[in-house]
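Report on one structure; see the data block that follows.
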DNA sequence: CCGAATACATTGTAATGCTATGTATTGTGC
DNA sequence: GCACAATACATAGCATTACAATGTATTCGG
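Take a look at the structure:
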């Protein structure tokens, strides 16, 4: 996400984009684990590369912890052959179900909202 | 939005959809005013009809108030020929600029996130 | 041994809806 | 005229969720 601060807007202007993302992060993190288990920083990198979604570490770990507490993720410590021990996470069956539900809800929600934004983008409507 | 409570999930399950919407409401409300000024309950109806977005009154008015305080909206009381006085809102030039910025950011954000959700929906990727 | 890099974790704070509730005005029926 | 319903707007306590700042722990390299 580009910074909006260069616009010289009011002191709130830098914050509205963050609000756009709130609420989507759990879903995005679950989605990042759809294909394979990953450790924390791999999740960060996956999200950054696949969807330009930048999450801070301080944000990520509480979310992972919350999802685990809710039974949507499982985790285990793995001693690396070289380097640091890592905590790997993967989706539980309940986690896969949740991810699907969220994907469906997101698809509908985002389609509806995007239709609302079309006139503003100057896109022709049918 | 359909209710997720019929799934019999944990007590948090009914709340994640609400979180998906948070952060999008300011943008949606600004967008609802793109073409013409509206009074409060017209905004509600416009959002419900155009994008199936249901916002409670208790949510709408603080947002309208906030956007006005930020200089993005203007408002005035109008005595109706029949019925109740209504408070009409419309976008200021700064409001139109913000709406455009948000529309652009949303377009990019939602496209990226949707791409992340495609595998879960079982949609083929190129 | 020390500093850097990597990996994970925590907490106070700010922001934003949700829920419940309340105020005010107009219209209708009795 | 009065009571109630409908309409319209408003508010505040609470729950939730990131963000930012900070900290702990481990490994590696000089």
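Chains as they are written, first to last, in our numbering: chain X, -16 to 109; chain S, -16 to 109.
Quick reminder that beta carbons are idealized off the backbone N, C-alpha and C, glycines included.
Quantities reported herein were computed from a predicted structural model and do not represent experimental measurements.
Integer-rounded CB distance, given that residue j should sit under 8 Å from residue i
| i | j | result |
| --- | --- | --- |
| residue 111 of chain S | residue 55 of chain S | A query on residue 111 of chain S cannot be resolved here, the shown segment of chain S reaching from -16 to 109 and no further. |
Neighbourhood of residue i by C-beta, 7 Å cutoff - its chain only, sequence neighbours within 5 removed
| i | result |
| --- | --- |
| residue 128 of chain S | Residue 128 of chain S falls outside the range modelled here, since chain S spans only -16 to 109, and no answer is possible. |
| residue 82 of chain X | 13, 14, 17 and 74 |
| residue 63 of chain X | 69 |
| residue 33 of chain X | none |
| residue 41 of chain X | none |
Selection from the options that minimises the alpha carbon distance to residue i
| i | options | result |
| --- | --- | --- |
| residue 103 of chain S | X/1, X/60 and X/18 | X/18 |
| residue 88 of chain S | X/43, X/25 and X/35 | X/35 |
| residue 23 of chain S | S/43, S/5 and S/80 | S/43 |
| residue 80 of chain S | S/67, S/37 and S/53 | S/53 |
| residue 5 of chain X | X/39, X/77, X/25 and X/26 | X/39 |
| residue 0 of chain X | S/63, S/90 and S/-1 | S/90 |
Beta carbon of residue i nearer than 8 Å to that of residue j
| i | j | result |
| --- | --- | --- |
| residue 72 of chain X | residue 20 of chain X | yes |
| residue 7 of chain X | residue 74 of chain S | no |
| residue 25 of chain S | residue 31 of chain S | no |
6 Å CB neighbourhood of residue i in its chain, flanking five on each side removed
| i | result |
| --- | --- |
| residue 92 of chain X | none |
| residue 85 of chain X | 10 |
| residue 77 of chain X | 54 and 55 |
| residue -15 of chain S | Model confidence at residue -15 of chain S stands at a pLDDT of 34, short of 50, so the residue's coordinates are unreliable; what they give is reported in the following sentence. Hits under 6 Å: none found. |
| residue 106 of chain X | none |
Contact set for residue i: own chain, Cβ-Cβ below 8 Å, skip 5 residues either direction
| i | result |
| --- | --- |
| residue 70 of chain X | 22, 23, 58, 59, 60 and 61 |
| residue 67 of chain X | none |
| residue 65 of chain S | none |
Does the contact criterion of 3 or more C-beta pairs under 8 Å hold for the segment 8 to 23 of chain X versus the segment 87 to 101 of chain S?
A contact exists between the segment 8 to 23 of chain X and the segment 87 to 101 of chain S.
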